[in-house]
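Enquirer: Everything in the sequence shown is counted per the working numbering, starting at 0 for the first residue and increasing by one. C-beta: ideal position from N, C-alpha, C; glycine also. The following block contains the structure, expressed as structure tokens.
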Amino acid sequence: MKPYAEMTKEELIALRKELKAQYREMQGKDLRLDMSRGKPSVEQLDLSMGMMDVLSSNDDLTCEDGTDCRNYGVLTGIDEAKELLADMMEVNPDLIIIYGNSSLNVMYDTVSRSMTHGVMGNTPWCKLDKVKFLCPVPGYDRHFAITEYFGIEMINVPMTKDGPDMDMVEELVSTDSAIKGIWCVPKYSNPQGYSYSDETVRRFARLKPAAPDFRIYWDNAYGVHHLYDHDQDHLIEILAECKRAGNPDLVYKFASTSKISFPGSGIACIAASLNNLEDIKRQLKFQTIGHDKVNQLRHVRFFRNIHGMVEHMRRHADIIRPKFEAVEEILERELGGLGIGEWTMPKGGYFISFDSLDGCAKEIVARCKKAGVVMTGAGATYPYGKDPDDRNIRIAPTYPPLGDLITATELFSLCVKLTSVEKLLK
Ligand code: PLP
């Protein structure tokens, strides 16, 4: 089939009739499918069930330094968990604080502390007239929700295949002292699955912010989440690069085992310079006596070390790779060459990003919903839920069983076609 833009009005009208009939048929199937959130599937969760058996009532829950994990204490996490997560984060264990079970929670805390108490002795943000964050778009809705919640003004920065538009980032960060942070998902980004190039990482480390309390929020959510064994993205490690560049305090790095073990029951951490960690600990000691050490120990005993974790991630990949490939194959078969959409083909992470013709995304998602397939809301990948071009849709292939995913993607493709024809006929 030729590109829609090259079709005559009569051809488009005939096509619309055909597509509408197909859509009505799909509606008749009474589908109830959910492609809205990037959750691991049941089979993926099953991979970690061994974690339920690594600690039993007969086990000694003493960790290497003699701490009884059943009791209070150890503010920044047990040593063996620090070692495991430090390897996962590619940093020195001394530069890590282990938190509870969600990295989003750590990011929220970090923004919250900066609002109320400031960053390393600087004025608390709540006392400033204006606080702004840069938001690479499309991006992760829950990042944007945190900054929106605190009344922080968000500025869109376009993403490229190599990361955020660094000319824009450098210009804004160096001239506007109200800009206090930037949200980054550097590896297998949410939703595009892009990884920052070496040049991008180097430029980040060499930023010269107008604000002394500007920090890069480097959310390494998908650091070990490769889809392929032999084609993986590797980034320059940002903490080391910042140090090399003479900017050691510029970055906070976040991660968790959410999509490695159990989302909401994993372990989360922050990695940062010693100065930043001291600043964080000044608050942390009031917030808790120590996070869940039993869960930290359970993770260490289950994975043993980074090699165990890497092996475990291969099993995840074996489950989700066919799902990503199925979506890509259907999109190519149904939409390839029609000029009505573009999509990414990530090598890792949890999402595929789809761009429709301008002004079509909301309608496509609404049409999917009317036929029983829930997608992430159009606009969710932009601050304030506002995609200025109404074109980006996040596809989350991991959760549904393969058969459901295939049906859902076929319906999605149909909705893209129908909405695009109608747009062109307007
Ligand atoms: N960061 C990114 C980029 C994500 O995509 C997600 C989940 O989808 C999270 C963080 C959530 O992490 P956690 O479960 O550790 O709060």
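Indicate whether residue 200 and residue 178 have their beta-carbon atoms separated by less than 8 Å.
Expert: Taking the first residue of the sequence shown as position 1, residue 200 is located at position 201. Taking the first residue of the sequence shown as position 1, residue 178 is located at position 179. No, these two residues do not count as a Cβ contact at 8 Å.
Enquirer: Would you say the beta carbon of residue 11 is closer than 7 Å to some non-hydrogen atom of ligand 1?
Expert: Within the sequence shown, residue 11 is the residue found at index 12, counting from 1. No, Cβ of residue 11 sits at least 7 Å from all heavy atoms of ligand 1.
Enquirer: Can you grab the Cα-Cα spacing for the pair residue 188 / residue 195, in whole Å?
Expert: For this step, residue 188 is matched to residue 189 along the sequence shown. For this step, residue 195 is matched to residue 196 along the sequence shown. Approximately 9 Å, taken between the alpha carbons.
Enquirer: Which whole-angstrom value describes the C-beta separation of residue 172 and residue 211, a residue pair presumed to lie in contact below a C-beta threshold of 8 Å?
Expert: Here residue 172 is taken as the residue at index 173 of the sequence shown, counted from 1. Here residue 211 is taken as the residue at index 212 of the sequence shown, counted from 1. Not confirmed; about 12 Å, so no contact.
Enquirer: For residue 218, verify whether its CB is less than 7 Å away from any heavy atom of ligand 1.
Expert: Along the sequence shown, one-based indexing puts residue 218 at 219. At least one heavy atom of ligand 1 is nearer than 7 Å to the Cβ of residue 218, so yes.
Enquirer: Just to confirm my understanding: we take residue 330, look at its own chain, exclude 5 residues before and 5 after, and list those with CB closer than 6 Å. What are they?
Expert: In the sequence shown, counting from the first residue as 1, residue 330 sits at position 331. Around residue 330: 342.
Enquirer: Quick check: is any heavy atom of ligand 1 less than 7 Å from the C-beta of residue 107?
Expert: Along the sequence shown, read from residue 1 onward, the residue named residue 107 stands at position 108. Not so, every heavy atom of ligand 1 lies at least 7 Å from the Cβ.
Enquirer: So is residue 294 buried or exposed if we call it buried at 16+ other beta carbons inside 10 Å?
Expert: Residue 294 sits at position 295 when you count from the first residue of the sequence shown. It is buried - the Cβ of residue 294 has at least 16 other Cβ atoms within 10 Å.
Enquirer: Three or more C-beta pairs closer than 8 Å, one from the segment 286 to 304 and one from the segment 371 to 388: is that the case here?
Expert: As far as the Cβ criterion goes, the segment 286 to 304 does not touch the segment 371 to 388, which means the pair count is below three.
Enquirer: For residue 92, which three-state DSSP category applies?
Expert: Here residue 92 refers to the residue found at position 93 of the sequence shown. Three-state result, residue 92: helix.
Enquirer: Say the cut is 7 Å; is the CB of residue 184 nearer than that to a heavy atom of ligand 1?
Expert: Walking along the sequence shown from the start, residue 184 turns up at place 185. Yes.
Enquirer: How do the segment 132 to 149 and the segment 89 to 109 stand: do at least 3 beta-carbon pairs fall below 8 Å, yes or no?
Expert: The segment 132 to 149 is in contact with the segment 89 to 109.
Enquirer: By a C-beta neighbour count over all protein chains shown, 10 Å radius and 16 as the cutoff for buried, is residue 41 buried or exposed?
Expert: Here the question's residue 41 lines up with position 42 in the sequence shown. So residue 41 ends up on the exposed side.
Enquirer: Using three-state DSSP, classify residue 250 as helix, strand or coil.
Expert: Counting from one through the sequence shown, the residue named residue 250 turns up at place 251. Residue state, collapsed to three classes: strand.
Enquirer: Short check: CB of residue 311 to CB of residue 46, under 8 Å?
Expert: Taking the sequence shown and counting its residues from 1, the one referred to as residue 311 is at position 312. Taking the sequence shown and counting its residues from 1, the one referred to as residue 46 is at position 47. Contact flag set, yes.
Enquirer: Excluding sequence positions up to five away, which residues of its chain have a Cβ less than 8 Å from the Cβ of residue 202?
Expert: As a working note, residue 202 is residue 203 in the sequence shown. Excluding sequence neighbours, residue 202 sits near 165, 168 and 169.
Enquirer: Exposed or buried, what is residue 332 when buried is set at 16 or more other beta-carbons lying within 10 Å of its beta-carbon?
Expert: Here residue 332 is taken as the residue at index 333 of the sequence shown, counted from 1. Exposed, since its Cβ has fewer than 16 Cβ neighbours within 10 Å.
Enquirer: How many angstroms separate the CA atom of residue 395 from the CA atom of residue 93?
Expert: Walking along the sequence shown from the start, residue 395 turns up at place 396. Walking along the sequence shown from the start, residue 93 turns up at place 94. If you take the alpha carbons of residue 395 and residue 93, they lie about 35 Å apart.
Enquirer: Could you check the C-alpha separation between residue 48 and residue 424 for me, to the nearest Å?
Expert: Position 49 of the sequence shown, counting from 1, holds the residue named residue 48. Position 425 of the sequence shown, counting from 1, holds the residue named residue 424. Roughly 53 Å between the two C-alpha positions.
Enquirer: When DSSP labels each residue in this structure, what does residue 384 get in the three-state scheme?
Expert: Here residue 384 refers to the residue found at position 385 of the sequence shown. Of the three classes helix, strand and coil, the one that applies to residue 384 here is helix, per DSSP.
Enquirer: Using only the alpha-carbon positions, how far apart do residue 238 and residue 86 sit?
Expert: In the sequence shown, counting from the first residue as 1, residue 238 sits at position 239. In the sequence shown, counting from the first residue as 1, residue 86 sits at position 87. Each residue's alpha carbon lies about 13 Å from the other.
Enquirer: Check for me: the beta strand (DSSP E) holding residue 132 runs from which residue to which?
Expert: To locate residue 132, count along the sequence shown from 1; it is residue 133. Looking at the DSSP string, the run of the beta strand (DSSP E) that includes residue 132 is 131 to 136.
Enquirer: Hey, residue 350 and residue 192: beta-carbon distance below 8 Å or not?
Expert: Mapped onto the sequence shown, residue 350 falls at position 351. Mapped onto the sequence shown, residue 192 falls at position 193. In contact: residue 350 and residue 192 (Cβ atoms closer than 8 Å).
Enquirer: Report whether the distance from the Cβ of residue 37 to the nearest heavy atom of ligand 1 is below 7 Å.
Expert: Numbered from its first residue, the sequence shown carries residue 37 at position 38. Flag set: Cβ of residue 37 near ligand 1.
Enquirer: Rounding to the nearest angstrom, what Cα-Cα distance links residue 30 and residue 321 in this structure?
Expert: Here residue 30 refers to the residue found at position 31 of the sequence shown. Here residue 321 refers to the residue found at position 322 of the sequence shown. Answer to the nearest angstrom: the Cα atoms are 22 Å apart.
Enquirer: Taking the alpha carbon of residue 435 as the point to measure from, which residue in 117, 367 and 258 has its own alpha carbon closest?
Expert: Because residue 435 is not part of the residues shown, which for the chain are 0 to 425, the question remains open.
Enquirer: Are the beta-carbon atoms of residue 274 and residue 119 separated by less than 8 Å?
Expert: If you number the sequence shown from 1, residue 274 lands on position 275. If you number the sequence shown from 1, residue 119 lands on position 120. A contact, by the Cβ cut-off of 8 Å.
Enquirer: Let me confirm a value: residue 240 is counted as buried when at least 16 other C-beta atoms fall within 10 Å, else exposed. Which label applies?
Expert: Within the sequence shown, numbered from 1, the residue matching residue 240 stands at position 241. Classification of residue 240: buried, given that the 10 Å Cβ count is 16 or more.
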